[in-house]
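Chemist:
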Amino acid sequence: MNEQECQTANWSALGYVDGSQGASANQFNERSSACSEYKVHANFTQYQASYQQGLITYCTESHGFFVGSTGNNYLGVCPQSTSALFLRGYHQGQQLFTLKNKVTQAEQALQNEQYDSEYQQQRLTKLKNSIIYDKLTARERQQKLEKIEEINQQPDLIKKQKAQLNRLKKELAKLELRD
């Protein structure tokens, strides 16, 4: 906080905002320390009462789900009376977040594999032309045939990645419907 913010601070409002955003209880100490540099005294009583009110807004199951599904961390601020519900939502949200990331990674891997496959198809054409038109030893011809066989197995890998991606998308759809 800067000097002007400290001098005009509404400690009650700051407490509520910090609580409703799930900020650590140490947030008051950080604010107070910053304001003490400007000889401004922070009002802990106002801050704390409103902070607790803000936690009521924050510490719900649905908000826990939101926090988890956006990949944000929970700082353990909910009172014991509401923490179980918050954590249930939070863990479900984390599952959704993790699954969405897996889907994104699988899509990217598949896209990379498809780009590589296109490159390999060009390579395959060159290898076939080389076998037909170049003067090769039996060993060189055998090496090129082995490379051709290796390239021909790539579509199977793409099919497996597509199947994995489809499984992840179905799992994601189930999880999204559940919530």
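End of the sequence shown sits at 179 in full-length UniProt numbering; the numbers just go up one at a time, nothing left out.
Positions of the beta carbon are idealized from the N, C-alpha and C atoms, including for glycine.
These numbers come from a predicted model, not from an experiment.
Smallest Cα separation from L14: which of Y38, Q53 and S36?
Modeler: For this step, residue 14 is matched to residue 14 along the sequence shown. Among Y38, Q53 and S36, the Cα nearest to that of L14 is on Q53.
Chemist: Between N152 and chain D, is any beta-carbon pair separated by less than 8 Å?
Modeler: Protein chain content of the structure displayed is limited to a single chain, and chain D is not contained in it.
Chemist: Which one of Q92, L177, H63 and M1 has the shortest CA to CA distance from E33?
Modeler: The residue you call residue 33 lines up with position 33 of the sequence shown. The question names Glu, but residue 33 is Ser in the sequence shown. Among Q92, L177, H63 and M1, the Cα nearest to that of S33 is on M1.
Chemist: Nearest to L127 by CA position, among Y115, H91, N152 and Q80, is which residue?
Modeler: Residue 127 sits at position 127 when you count from the first residue of the sequence shown. Taking only the C-alpha atoms, the option nearest L127 is N152.
Chemist: Could you compute how far the alpha carbon of I56 sits from the alpha carbon of S24?
Modeler: Looking up residue 56 in the sequence shown gives position 56. Looking up residue 24 in the sequence shown gives position 24. Whole-angstrom Cα-Cα distance: 14 Å.
Chemist: Which same chain residues end up closer than 6 Å to E3 when comparing Cβ atoms and leaving out the 5 residues on each side of it in sequence?
Modeler: Here residue 3 is taken as the residue at index 3 of the sequence shown, counted from 1. Only Y38 meet the Cβ criterion.
Chemist: Let me confirm a value: Y133 is counted as buried when at least 16 other C-beta atoms fall within 10 Å, else exposed. Which label applies?
Modeler: Here residue 133 corresponds to residue number 133 of the sequence shown, with the count starting at 1. By the neighbour-count rule (16 or more Cβ atoms within 10 Å), Y133 is not buried but exposed.
Chemist: Closest to A84 by CA distance: which of K147, G71 and S62 is it?
Modeler: Within the sequence shown, residue 84 is the residue found at index 84, counting from 1. Of K147, G71 and S62, the residue nearest in Cα terms is S62.
Chemist: Relative to the C-alpha of W11, which candidate in G22, S20 and F44 has its C-alpha closest?
Modeler: Along the sequence shown, one-based indexing puts residue 11 at 11. Here the closest residue by C-alpha is F44.
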